[in-house]
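Using the UniProt record's numbering, read the sequence shown as starting at 1 and increasing by one per residue.
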Amino acid sequence: MLNEVIEALIDERLDNAYFQDVEYQKLSKEESDAIDSFSQRISPELQDAFDNVLTAKNSAASNCSIIAYRQGWLDCMALLVDLVLPESR
Numbered sequence: 001m002l003n004e005v006i007e008a009l010i011d012e013r014l015d016n017a018y019f020q021d022v023e024y025q026k027l028s029k030e031e032s033d034a035i036d037s038f039s040q041r042i043s044p045e046l047q048d049a050f051d052n053v054l055t056a057k058n059s060a061a062s063n064c065s066i067i068a069y070r071q072g073w074l075d076c077m078a079l080l081v082d083l084v085l086p087e088s089r
């Protein structure tokens, strides 16, 4: 059940946190501008390869964020259990 709750939080809260964060928005725009600038200077074949690299990188980064968020929740729950029920360990 905890995993289902965490998944719901990831879908709602984590996305909202990213989109409300000014620094994230700034860095995301800079990244997008750099990608657009670079893509305009390379051949269509290299653009396809570059798109594949970016897709793989973005998938890995997204997965890493989800793992870190999930682990943070699990650590928080473990800490709360230890504080409330110290004899449970």
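The beta-carbon is built from N, C-alpha and C at its ideal position, and this holds for glycine as well.
Reference residue i, options the options, closest by Cα
i	options	result
L9	A78, A68 and V22	A68
N52	N63, L2 and S39	S39
A17	I66, D82 and A60	I66
L2	E31, Q71 and V84	Q71
N58	I42, D75, S32 and P44	S32
Buried/exposed call for residue i, threshold 16 Cβ in 10 Å
i	result
I6	buried
DSSP state of residue i mapped onto helix, strand, coil
i	result
D51	helix
M77	helix
L85	coil
R41	coil
D21	coil
Residue i - containing alpha helix (DSSP H), residue span
i	result
L9	L2 to L9
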